[in-house]
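Take 3 as the starting number for the sequence shown in the numbering used here and just add one per residue.
Heads up, the beta-carbon is just placed ideally off N, CA and C, and yes, glycines get one too.
These numbers were taken from a predicted model, which means no experiment stands behind them.
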Amino acid sequence: MYTRLGKMNSISFGNSTIRYRIKRSPRRRTTQILVNRSGVQVISPSKMSENRIKELVKKNSKWIYKKQLWAKEASNAKLSFKDGSRLPYMGRMYLLKVKKANTERISFSRGKFTVRVTKNTPKRVRKMFRNWLKERAYRVIEQRANYYAKKIGVKFKKINVKEHKERWGSVSKNKAVNFNLSLLCAPKKIQDYLAVHELCHLKIPNHSPKYWELVYSIMPDYEKRKDWLRINWKLINS
Numbered sequence: 003m004y005t006r007l008g009k010m011n012s013i014s015f016g017n018s019t020i021r022y023r024i025k026r027s028p029r030r031r032t033t034q035i036l037v038n039r040s041g042v043q044v045i046s047p048s049k050m051s052e053n054r055i056k057e058l059v060k061k062n063s064k065w066i067y068k069k070q071l072w073a074k075e076a077s078n079a080k081l082s083f084k085d086g087s088r089l090p091y092m093g094r095m096y097l098l099k100v101k102k103a104n105t106e107r108i109s110f111s112r113g114k115f116t117v118r119v120t121k122n123t124p125k126r127v128r129k130m131f132r133n134w135l136k137e138r139a140y141r142v143i144e145q146r147a148n149y150y151a152k153k154i155g156v157k158f159k160k161i162n163v164k165e166h167k168e169r170w171g172s173v174s175k176n177k178a179v180n181f182n183l184s185l186l187c188a189p190k191k192i193q194d195y196l197a198v199h200e201l202c203h204l205k206i207p208n209h210s211p212k213y214w215e216l217v218y219s220i221m222p223d224y225e226k227r228k229d230w231l232r233i234n235w236k237l238i239n240s
């Protein structure tokens, strides 16, 4: 459980000011700096002093400043599905080329998506891209789920890959594990985190401290992966 965000703190960086708030957690073993358009949060263990946190922010001030600029651009990012734009796949962004043709198909080769459509509209291109992801998603996600199920010591009945706008995954009463199709757009580390997150629910159905201890035992850096998803979800959820 996190404490409420504390007062606003600040440091100087060149001609700019970096403002940040501190969020403490008794479960936290490491300190994480989270940067998004809303601001900068330093998530730290409960006993870390404000002076130590300030030193950490100063030490990473250049990185934080660059992240703030990037987060501002990322928060405004929206996949357009137009010729010359970029599409996310396995954690990277790839060039999209759209061509008018009599027969519709999509291909991925040499770091580029090529979509041939009879009617060139963003809606049609998006549908073809999502169908292309569906053809590959089950195999990729099932492989990661099987790997981590053995490490955790659980068994699932089946894997479902679904279209979701808000949820990244869930577990049903019959031990079916559901994942968001957009997971295929995320880096492998994030795919692994979400696989571990949902599979651990087969042992512990809630988000109690014991649950997070189980997640930590399988993936000690899960907090960093969780934070990445919280910041970047707009870039991969198409």
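Asked                                                                                                                                                               : Found
Between which two residues does the beta strand (DSSP E) carrying Arg146 extend?                                                                                    : Per DSSP, Arg146 belongs to no beta strand (DSSP E); it is in the alpha helix (DSSP H), 124–154.
Let's test the definition: count the other Cβ atoms within 10 Å of the Cβ of Trp170 and tell me whether it reaches 16, buried, or not, exposed.                     : buried
Leaving out five residues before and five after Arg172 in sequence, what residues of the same chain have Cβ atoms less than 6 Å from its Cβ?                        : Checking the sequence, you will find Ser at residue 172 rather than Arg. Correct list, in chain order: Asn180.
Would you mind stating whether Met50 and Thr33 have Cβ atoms separated by less than 8 Å?                                                                            : yes
Going along the chain, which residues of its own chain have a beta-carbon closer than 8 Å to the beta-carbon of Leu183, five neighbours each way excluded?          : Arg132, Leu135, Lys136, Ala139, Val163, Lys164, Glu165, His166
When the Cα atoms are used, what is the spatial distance from Cys187 to Leu58?                                                                                      : 32 Å
Rounded to whole angstroms, what is the Cα-Cα separation between Gln193 and His203?                                                                                 : 16 Å
How long is the line joining the alpha carbons of Val156 and Leu81, rounded to whole angstroms?                                                                     : 37 Å
Compute the distance between the beta-carbons of Ile154 and Lys205, then report whether it is under 8 Å.                                                            : yes
Kindly indicate which three-state DSSP category Ala178 falls into: helix, strand or coil?                                                                           : strand
Please name the residue, chosen from Asn17, Arg30, Ser18, that lies closest to Glu215 on a Cα-to-Cα basis.                                                          : Arg30
With DSSP run on the structure shown, which of helix, strand or coil describes Lys212?                                                                              : helix
Apply the 10 Å Cβ neighbour rule to Leu71 and answer buried if 16 or more other Cβ atoms are within range, or exposed otherwise.                                    : exposed
Measure the alpha-carbon distance for Arg232 versus Val37 and round it to whole angstroms.                                                                          : 10 Å
Per DSSP, what kind of secondary structure is Arg26 in: helix, strand or coil?                                                                                      : strand
Thinking Arg88 and Leu98 are a contact (beta carbons under 8 Å), I'd like their distance in whole angstroms, please.                                                : 6 Å
For Ile238, I'd like the list of residues in its chain whose CB is within less than 6 Å of its CB, leaving aside the five on either flank, ordered along the chain. : Pro90, Ser184, Cys187, Ala188
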